[in-house]
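This report refers to the structure that appears directly beneath it.
Residue numbers (the numbering used here): 57 to 222.
Here it is in structure tokens:
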């Protein structure tokens, strides 16, 4: 059962510059709250209450001003800094002490998830004892996103971040 979650809230948000020169894109407002609150809500809907947020070096204070420790939300939040962008696998390296031997859910801090039965699907997937589930979505401009290469039996072979050729 998955009881821990990691939100990867790094990156530089270059496509949103100059706004992101002053503030991390996950802290920019979307409707009535910072973008980060949306993936945080997804983890909470899945019943995950122990959450590590990985942020860019030097941005820890910005995040802690908005969500100090999660007590007011009934969850526990801790933080780690990412020294340089290293992709999705690095989140597991940075979070090694947090993860220990537990199963963990990783979610990107700048993604929205929605749809019918989303809460049910999330709760079902927290019951995984081994392996992994990755939620994918087709996009019209894959060169702007992380793209999964799918092999036999619908298994992901690799993920390429913002591929030049698709």
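Beta carbons: idealized from backbone N, C-alpha and C, even for Gly.
Endpoints, the beta strand (DSSP E) within which residue 106 is located: Taken as a continuous stretch (DSSP letters only), the beta strand (DSSP E) holding residue 106 covers 106-112.
So with Cβ pairs under 8 angstroms, would you call residue 166 a contact of chain C? Considering every chain present, this structure includes no chain C. It has just one protein chain.
What would DSSP say about residue 85, mapped onto helix, strand or coil? Looking at residue 85 - three-state DSSP - the assignment turns out to be strand.
Per-residue burial, residue 74 [other beta carbons within 10 Å of its own, 16 or more giving buried]: Sixteen is the threshold: since fewer than 16 other Cβ atoms of the shown chains lie within 10 Å of the Cβ of residue 74, the residue is exposed.
Contained beta strand (DSSP E) runs [length at least 3] in the region 93-155, N- to C-terminal order: Correct list: 106-112, 132-138.
Can you name the start and end residues of the beta strand (DSSP E) that residue 214 belongs to? 212-217 is the span of the beta strand (DSSP E), which, as asked, contains residue 214.
Output needed for residue 141: all residues of its chain with C-beta closer than 7 angstroms, excluding positions within five of it in sequence on either side, in chain order. So the qualifying residues of the chain are 66, 67.
Report yes if the CB atom of residue 83 is closer than 8 angstroms to the CB atom of residue 96, and no otherwise. No.
Between which two residues does the alpha helix (DSSP H) harbouring residue 78 extend? Counting along the chain, the alpha helix (DSSP H) containing residue 78 begins and ends at 75-78.
Could you tell me the alpha carbon to alpha carbon distance between residue 78 and residue 121, rounded to whole angstroms? So the two alpha carbons sit approximately 15 angstroms from each other.
Taking residue 106 as the reference, give the member of 58, 145, 165, 187 with the closest Cα. Each of 58, 145, 165, 187 was checked against the Cα of residue 106, and the nearest Cα belongs to 58.
Do the region 151-161 and the region 99-115 make contact, defined as three or more Cβ pairs closer than 8 angstroms? Yes, the region 151-161 touches the region 99-115.
DSSP puts residue 164 in a beta bridge; with which residues? Paired residue(s): 64.
For the alpha helix (DSSP H) containing residue 59, list its first residue and its last residue. Looking at the DSSP string, residue 59 is not in any alpha helix (DSSP H), and its letter there is neither H nor E.
Boundaries (first-last residue) of the beta strand (DSSP E) holding residue 205: Residue 205 -> beta strand (DSSP E) spans 202-206.
Which same chain residues, not among the five before or five after residue 181, have their C-beta less than 6 angstroms away from its C-beta? These residues qualify, in order along the chain: 189.
Classify residue 98 as buried or exposed, calling it buried when 16 or more other Cβ atoms lie within 10 Å of its own Cβ. Sixteen is the threshold: when 16 or more other Cβ atoms of the shown chains lie within 10 Å of the Cβ of residue 98, as they do, the residue is buried.
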